[in-house]
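Structure, as structure tokens:
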Amino acid sequence: MRFLFFLKEAFRGLSRNSAPALAALLTILLTTLVLGVFIPIVQATTGTANEVRGRVVVDVFVKKEANPIERAELRREIDKTVNVGSVEFISKESALAREKRLRPEAYKALGERVNPLPDTYRVTPEDPGKVNLIINHLAPKDADGNPSPTLAALDEVRNREDDTDKILSATGLVKLLTAGLALLLVFASVALVANTIRLSIFARRREVEVMQLVGATNWFIRWPFVIEGVIVGFMGGVLAVLLLTIAKETLVDPLSDRFALLAAPETIDFKLLVAILLVACVAVSAAGSGLTLRKFLRV
Amino acid sequence: MATEEKTQAGADAKIAIRAPQPRPVRRQKKERIPVVELDDVTKVYDGGSVGLEKVSLQVGRGEFVFLVGATGCGKSTCIRLLMRELEPSSGEIKIAGHALAEIKAKRMPQLRRNIGVVFQDYKLLPNRTVYANVAYSLEVIGESRQSIRRKVPDILRLVGLSTKLHSYPDELSGGECQRVSIARAFVNHPPLLLADEPTGNLDPETSIGIMQLIYRINRTGTTVVVATHDKEMVDKMRRRVIELREGRVVRDELSGLYRPDESTTEFAVRLRGELGVGVEGHPN
């Protein structure tokens, strides 16, 4: 009974103040659209950046003269090291075969019999940003700053330093930028929606004042506004989601079919994205209405 | 002991039959509590201008009081203080014995439901019909739909707007808007009615209709406080007049010509005569 009354009041408010309501709806629609497009883009970018970061490896070269016991000890030590994701053993033979494939001329000149390559443990770090942890653990620097391997079997620890640094700084920047942009966009969306709602309620502050004068409690005044917010937010959200779906079906899906070879970075499930956007729309809009009213209810 | 009491009661009953006038003691006590009581109230606005200065006054149950004075003398401040739209800088305000300062913000709606207010600018809800405007103050207190459907047309008939139920405020004249706002203020039958310049925007003829309406409400037992600067009209109405000047009470007289048993029509005829307005005028 009460709820029906509030619902009726909300619809009366919407139909009698259709211009500000429409403005709020459009604002929500646009910001949701932008967010709906931007969220997958951010994810794709960070996904790609992470993929690139996956290429950061540490090569641990084994001394030629090391005996099996020493080798086993080295292997155990590597496994124990913090931040080690996976370890791959590359024997000198397979390393040679691979190098020959990559640079046939150079190795032809070297001759068939000679194999200058050591056995290698290729370590993929868990967190590429902290690759130095591994290096410092296996080959701590001595007083002069020269690496001094701790284990008998260990010849040298090398990360392809130039590559690693480049990859890390470039992907780090990309991630930072997209995160910053995403944050700004979310902030701008909330501010924009809040401002529009504020304006539409400001236009009705006299109404609120009169309601208080005849003895309406704050929640009696507030509920219709909150319900209005829910309706506007939901309508804006649904429209935005509809547009997003159309865009996805007609533009993105055929594209990704055609470029199936392109690594498709993992992005958020579309259904989940839609659900999150809808909930956010309704919540921001309803909370915005309810909170904005607080200012006018202080009498 | 019990029989003694019984006989005592019997004796009282006999006395009551012989003399029908005396009221039960408890009710008399209640009536002695003024509906409105200002005790040494001062209101200084944030900017430093003084709204009221050491005002003390009492308004008893069922009284009709005019607050008069030039613009800026503190009439509106007084009304707004009584509605607790403002809080006094010092002093105490009591409504029906309850100190306003002690009423919590949460209880304010309850207080406001017991005070009808009428303003110069009507303060109607612009997006509601006449009917819905009056109904809103009943919806607020949780009245059932049946009783709203019964009470609203009644009160609108009383104020003479039974043909304008479904008009919006912007389709009404000033006098009609003020009638709606009076209907809204009075539909709950509040014990106290405050009016801030209720005739400020209206022509003399319409003003008389409005004043009559307020007077009629007063006759039902509602205490009425009217702030107005229409001093001439006030003096001719011969009601209690409190005059303010620069925030101080300079005159508070219970008019000697006050006639307690005057009917509404008699009052109107006298008022029209004294104000020099024709008898044929507003239907009310």
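Residue numbers (the working numbering), protein chains in the order written: chain A, 703 to 1001; chain U, 922 to 1205.
A virtual CB, placed ideally from N, CA and C, is assigned to each residue, including glycine.
Note that the structure is a prediction, hence the values are computed from the model and not measured.
Using a beta-carbon distance below 8 Å, is Y1179 of chain U in contact with chain A?
Bear in mind that the predicted position of Y1179 of chain U carries a pLDDT of just 34, short of 50, making it too unreliable to give a figure here.
Just how far apart, CA to CA, sit M1004 of chain U and T748 of chain A?
Using only the alpha carbons, I get a separation of about 60 Å.
Can you list the residues of chain U that T919 of chain A reaches, using a CB-CB cut of under 7 Å?
In chain order: P1030.
Checking 8 Å against the spacing of the C-beta atoms, do S827 of chain A and V786 of chain A come in under that value?
The amino acid at residue 827 of chain A is misidentified as Ser; the sequence shows Pro. Less than 8 Å divides the Cβ of P827 of chain A from the Cβ of V786 of chain A.
Taking one C-beta from the region 786 to 795 of chain A and one from the region 815 to 831 of chain A each time, how about it: are there three or more such pairs within less than 8 Å?
Yes, the region 786 to 795 of chain A is in contact with the region 815 to 831 of chain A.
Taking the CB atoms as reference points, tell me whether D931 of chain A and G882 of chain A lie closer together than 8 Å.
The question names Asp, but residue 931 of chain A in the sequence shown is Gly. Cβ distance not < 8 Å, so G931 of chain A and G882 of chain A don't count as in contact.
Please report how far the alpha carbon of A1020 of chain U lies from the alpha carbon of I954 of chain U, in whole angstroms.
Using only the alpha carbons, I get a separation of about 12 Å.
At the 8 Å Cβ level, is N1139 of chain U part of the contact set with chain A, yes or no?
Using beta-carbon distances, N1139 of chain U does not count as an interface residue toward chain A, since no partner is under 8 Å.
Length of the line joining the Cα atoms of S720 of chain A and R1049 of chain U
Pairing S720 of chain A with R1049 of chain U, the inter-Cα distance amounts to about 15 Å.
Residue of A:E772, A:S793, A:F904, A:R757 minimising C-alpha distance to V833 of chain A
Residue A:R757 is the option with its Cα nearest to V833 of chain A.
So, for V1170 of chain U: in the same chain, excluding its five sequence neighbours on each side, which residues have a beta-carbon less than 8 Å away from its beta-carbon?
Closer than 8 Å at the Cβ level, and outside the excluded window around V1170 of chain U, lie V976, S977, L978, I1163, E1164.
Starting from I1062 of chain U, find everything on chain A with Cβ-Cβ shorter than 7 Å and list it in chain order.
Per Cβ cutoff of 7 Å: G917.
Using a C-beta cutoff of 8 Å, does L964 of chain A count as contacting chain U?
Note that L964 of chain A has pLDDT 46, beneath the 50 cutoff, so the model's placement of it is unreliable and the number below is only indicative. Output row for L964 of chain A: interface = no.
From the DSSP output, in three-state form, read off A854 of chain A for me.
In this structure, A854 of chain A counts as coil in the three-state DSSP scheme.
Compute the Euclidean distance between the alpha carbons of K1072 of chain U and V1108 of chain U, then round it to the nearest angstrom.
K1072 of chain U and V1108 of chain U have their C-alpha atoms roughly 7 Å apart.
Would you say R714 of chain A faces chain U, with C-beta separation under 8 Å as the test?
Cβ-Cβ to chain U under 8 Å: yes for R714 of chain A.
Does the region 917 to 927 of chain A come close enough to the region 1059 to 1079 of chain U that 3 or more CB-CB pairs lie under 8 Å?
Cβ pair count under 8 Å is three or more, so yes.
Hey, does K1044 of chain U have any beta-carbon neighbour from chain A nearer than 8 Å?
Output row for K1044 of chain U: interface = yes.
Say whether chain A places a C-beta atom closer than 8 Å to the C-beta of V1038 of chain U.
True, the Cβ-Cβ gap to chain A drops below 8 Å.
Burial state of Q1067 of chain U (16 or more Cβ within 10 Å):
Here Q1067 of chain U is exposed: its Cβ has fewer than 16 other Cβ atoms, across all protein chains shown, within 10 Å.
Please list, in chain order, the chain A residues whose beta carbon lies closer than 8 Å to that of S1058 of chain U.
Neighbours of S1058 of chain U on chain A, chain order: V916, G917.
Check the C-beta distance from G935 of chain A over to A988 of chain A and give it rounded, since I have them as a contact under 8 Å.
Your pair G935 of chain A and A988 of chain A checks out as a contact, with CB atoms roughly 6 Å apart and the cut at 8 Å.
Taking only beta-carbon atoms, is R718 of chain A less than 8 Å away from chain U?
Cβ-Cβ to chain U under 8 Å: yes for R718 of chain A.
Using only alpha-carbon positions, find the residue among U:V1146, U:L1192, U:R1160, U:A1106 that is nearest to S1128 of chain U.
Taking each of U:V1146, U:L1192, U:R1160, U:A1106 in turn and checking the Cα distance to S1128 of chain U, the smallest one comes out for U:L1192.
Three or more C-beta pairs below 8 Å linking the region 1037 to 1046 of chain U and the region 1103 to 1123 of chain U:
Counting Cβ pairs under 8 Å, three or more are found: they touch.
Please confirm whether V912 of chain A has its beta-carbon closer than 8 Å to some beta-carbon of chain U.
Judged by the 8 Å Cβ criterion, V912 of chain A is in contact with chain U.
How do the region 1137 to 1144 of chain U and the region 1082 to 1093 of chain U stand: do at least 3 beta-carbon pairs fall below 8 Å, yes or no?
These segments do not touch.
From the DSSP secondary-structure annotation, give me the bridge partner or partners of Y823 of chain A.
Y823 of chain A is bridged to A:V762, A:F791.
Interface partners of E909 of chain A on chain U, CB under 8 Å:
From the beta-carbon of E909 of chain A, the residues of chain U found nearer than 8 Å are L1046, P1047, N1048.
Sheet register partners of N861 of chain A (DSSP bridge):
Note: N861 of chain A sits in a beta bridge opposite A:V760.
Which term fits Y809 of chain A, buried or exposed, when burial requires 16 or more other beta carbons within 10 angstroms of its beta carbon?
By the neighbour-count rule (16 or more Cβ atoms within 10 Å), Y809 of chain A is buried.
Given G874 of chain A as reference, the closest of A:A725, A:T750, A:R704, A:P722 once Cα atoms are compared
Residue A:T750 is the option with its Cα nearest to G874 of chain A.
What is the DSSP secondary structure of E1008 of chain U, reduced to helix, strand or coil?
In the structure shown, E1008 of chain U sits in coil (DSSP, three-state: anything other than H, G, I, E or B).
Beta-carbon neighbours of F922 of chain A, restricted to chain U and to distances below 7 Å:
One finds V1061 in chain U with Cβ atoms closer than 7 Å to the Cβ of F922 of chain A, taken in chain order.
What is the DSSP secondary structure of T873 of chain A, reduced to helix, strand or coil?
Look at T873 of chain A here: in three-state DSSP terms it is helix.
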